[in-house]
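Worksheet: the structure to be examined is printed underneath.
Chains as they are written, first to last, in our numbering: chain A, 1 to 158; chain B, 159 to 677.
As structure tokens, this is what we get:
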């Protein structure tokens, strides 16, 4: 048995699926200010792809490719980015949406009144904060899954 | 008002939170860089808390309102407008709690730098430390019920991880699990109550809820849930079973922060009773419920402390009993709030003054017991002895903390307890008798502990111990200074910091509402 990976069917399906799952997760984060979902939900979807990889190939099969050290660093960075974005508006108030309706490059478009399909480039700081949260959640949950997987394997061998 | 004072309420939460997330990253650069960052953050937090307190105490009872993501509205609102965004509202009581939190954050962080020097996991430790501080600041400064719940949960998670920090110890794991379960339960109670209030009134802002509250049956259910949940998190008997484990098993500096966390829950309870519900409840009945809880907490805490032979658990039960004194003072104030006799405000002053005194004394005792346990290599009082020969300063500090907590003059515990005795006696002499009796028993507890740990002949274990490094001595000395100064000049502190806080709770309900909604 090669390091508790699953059957060839699961592994093959996983190879097809994990990219799509990650893409869908990114979509949910990207459209967080327009559609249901957002940073947390999208991040959880991406993390589920990591979990799928870990289950299908086993922790040893992915050795080095999902590095706990890096995941934790990115998680901290996501949290700091969120707080940093909140600090940007401190000239007016904490969490002040500096970029909204600014017309600028970063989600500064203004939204027309009346029913419309939603403007992807509107929202100011909200989409950026969604990305920060998404980054934190995807890496955070992935790190938790890895730690639990490693912990449970240790117990089996003991 | 400078820009810094204006933004102080949110900075008090945001800076420790920033530190909590930055600590693991900066920690990769080395311990020096990490400790510099944390030191700067706690110093900044202490400065901001002091600035905020000076500003709020000097405002003549008008709370400061801070709107997150603001810029649209000016407060107070007018013409039937209601706030939509999350508000931070700081009145005298919030500013007072901010001072307590800042005191323990400052001394706790600097004590930890030395205490945790030789141990691993420092990045995680300090990250959780700052997160707990951020959560406590959020709880005491927020003016929004749901926001309060969010910060309550932040403290719960950080505290539970902190209690179970030493995962290699079985009792630490057990305590961590117990704390997690109890905190989650109390959080759920609070959340359900907030849901009931939101369902009825469609608002989460405390000021808006306070203005529209009816005192209906649903409100009473919410009150019961909030009272139970927050008293549970404050460690009031009979929901105290987690507290001795939590205070006893967490690392020594964290025990002090956990006590402040319990006080923040107590603050939440007071805020809800006095500001949110106010006159819409039967204040006499609720006041007496608080008094009964208080007497139980005082009595059970002290009697349980009497039989402990584990130094940390002994101090922990002492800390539990002190929560009772705060409840007693404020409970007496609540019971007579409808008639507003003179001694009602005295009771409130006593209960609230005791919060900061308790934080200083219990903080000092936990720091000292951490030092003692590390030096002796055991937590069992029966195996200690003679430590006072080589650890002169630590034994003096411990003795000062102990007698102050037991309410011996001229230390600060006496000042606040005397106010409580005086007011409780006027309501019902039996209350004061029980409170004084318990204080005497607490003195007996600490005499026993002091004798067992520090006195006696030199032994093998005590021959090679010594006072800790300056990094641990100075934070303890700072708390001793607070204990002594507050004890020698209680009048000054009661007038300048305690009375504004007591008045904000006891008389300031309208001011709290009007600061948001206008008159």
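Backbone N, C-alpha and C fix where the C-beta goes; we use that ideal spot for every residue, glycine too.
Going straight from the alpha carbon of residue i to that of residue j, what length do you get?
i                      : j                      : result
residue 179 of chain B : residue 217 of chain B : 35 angstroms
residue 248 of chain B : residue 182 of chain B : 31 angstroms
residue 96 of chain A  : residue 371 of chain B : 31 angstroms
residue 89 of chain A  : residue 30 of chain A  : 22 angstroms
residue 317 of chain B : residue 415 of chain B : 9 angstroms
residue 665 of chain B : residue 441 of chain B : 14 angstroms
residue 589 of chain B : residue 190 of chain B : 52 angstroms
residue 184 of chain B : residue 198 of chain B : 13 angstroms
residue 663 of chain B : residue 675 of chain B : 18 angstroms
residue 264 of chain B : residue 284 of chain B : 13 angstroms
residue 573 of chain B : residue 520 of chain B : 16 angstroms
residue 403 of chain B : residue 279 of chain B : 21 angstroms
residue 102 of chain A : residue 133 of chain A : 23 angstroms
residue 92 of chain A  : residue 501 of chain B : 44 angstroms
residue 532 of chain B : residue 410 of chain B : 10 angstroms
residue 235 of chain A : residue 41 of chain A  : Any question about residue 235 of chain A goes unanswered here, given that chain A covers just 1 to 158.
residue 35 of chain A  : residue 126 of chain A : 13 angstroms
residue 10 of chain A  : residue 50 of chain A  : 14 angstroms
residue 209 of chain B : residue 633 of chain B : 21 angstroms
residue 387 of chain B : residue 343 of chain B : 7 angstroms
residue 77 of chain A  : residue 650 of chain B : 46 angstroms
residue 176 of chain B : residue 359 of chain B : 34 angstroms
residue 623 of chain B : residue 420 of chain B : 33 angstroms
residue 472 of chain B : residue 207 of chain B : 32 angstroms
Starting from the Cα of residue i, find the closest Cα among the options and give me that residue.
i                      : options                    : result
residue 567 of chain B : B/338, B/360, B/597        : B/597
residue 222 of chain B : B/586, B/457, B/365        : B/365
residue 582 of chain B : B/493, B/547, B/638        : B/493
residue 300 of chain B : B/335, B/260, B/655, B/246 : B/246
residue 509 of chain B : B/605, B/171, B/254        : B/254
residue 448 of chain B : B/587, B/234, B/423, B/485 : B/485
residue 23 of chain A  : A/138, A/144, A/54, A/148  : A/138
residue 106 of chain A : A/115, A/128, A/119        : A/128
residue 604 of chain B : B/677, B/634, B/524        : B/524
residue 275 of chain B : B/672, B/628, B/164        : B/628
residue 201 of chain B : B/239, B/377, B/262        : B/262
residue 593 of chain B : B/231, B/483, B/380, B/429 : B/483
residue 294 of chain B : B/203, B/507, B/464        : B/203
Give the residues of chain B in contact with residue i, contact being defined as C-beta atoms less than 7 angstroms apart.
i                     : result
residue 97 of chain A : 227
residue 72 of chain A : 182
residue 90 of chain A : 165
I'd like to know whether the C-beta atoms of residue i and residue j end up nearer to each other than 9 angstroms.
i                      : j                      : result
residue 140 of chain A : residue 43 of chain A  : yes
residue 130 of chain A : residue 38 of chain A  : yes
residue 450 of chain B : residue 479 of chain B : no
residue 659 of chain B : residue 296 of chain B : no
residue 47 of chain A  : residue 25 of chain A  : yes
residue 455 of chain B : residue 481 of chain B : yes
residue 412 of chain B : residue 335 of chain B : no
residue 512 of chain B : residue 575 of chain B : yes
residue 613 of chain B : residue 565 of chain B : no
residue 468 of chain B : residue 522 of chain B : no
residue 559 of chain B : residue 638 of chain B : yes
residue 640 of chain B : residue 518 of chain B : yes
residue 134 of chain B : residue 667 of chain B : Nothing can be reported for residue 134 of chain B, as the shown portion of chain B is limited to 159 through 677.
residue 556 of chain B : residue 505 of chain B : no
residue 489 of chain B : residue 445 of chain B : yes
Would you kindly report the start and end of the unbroken beta strand (DSSP E) that includes residue i?
i                      : result
residue 245 of chain B : 245-248
residue 425 of chain B : First-last for residue 425 of chain B: 410-428, but that is the alpha helix (DSSP H), not the beta strand (DSSP E).
residue 224 of chain B : 222-225
Identify the contact partners of residue i in chain B, using a Cβ-Cβ distance below 9 angstroms as the criterion.
i                      : result
residue 146 of chain A : In chain order: nothing, as chain B lies at least about 16 angstroms away.
residue 80 of chain A  : 176, 179, 180, 183
What span of residues does the alpha helix (DSSP H) with residue i cover, start to end?
i                      : result
residue 526 of chain B : 500-534
residue 76 of chain A  : 68-88
residue 98 of chain A  : Counting along the chain, residue 98 of chain A falls outside any alpha helix (DSSP H), and DSSP gives it neither H nor E.
residue 311 of chain B : 303-321
residue 616 of chain B : Looking at the DSSP string, residue 616 of chain B is not in any alpha helix (DSSP H), and its letter there is neither H nor E.
residue 117 of chain A : Counting along the chain, residue 117 of chain A falls outside any alpha helix (DSSP H), and DSSP gives it neither H nor E.
residue 446 of chain B : 441-464
residue 568 of chain B : Where residue 568 of chain B is concerned, there is no enclosing alpha helix (DSSP H), given that its DSSP letter is neither H nor E.
residue 407 of chain B : 400-407
residue 281 of chain B : 280-299
Can you name the residues of chain A whose CB is closer than 8 angstroms to the CB of residue i?
i                      : result
residue 172 of chain B : 83, 86, 87, 94
What residues of chain A sit near residue i, judged by a beta carbon separation below 7 angstroms?
i                      : result
residue 168 of chain B : 94
residue 361 of chain B : Under the 7 angstroms cutoff, chain A gives no residues; its nearest Cβ is about 20 angstroms from residue 361 of chain B.
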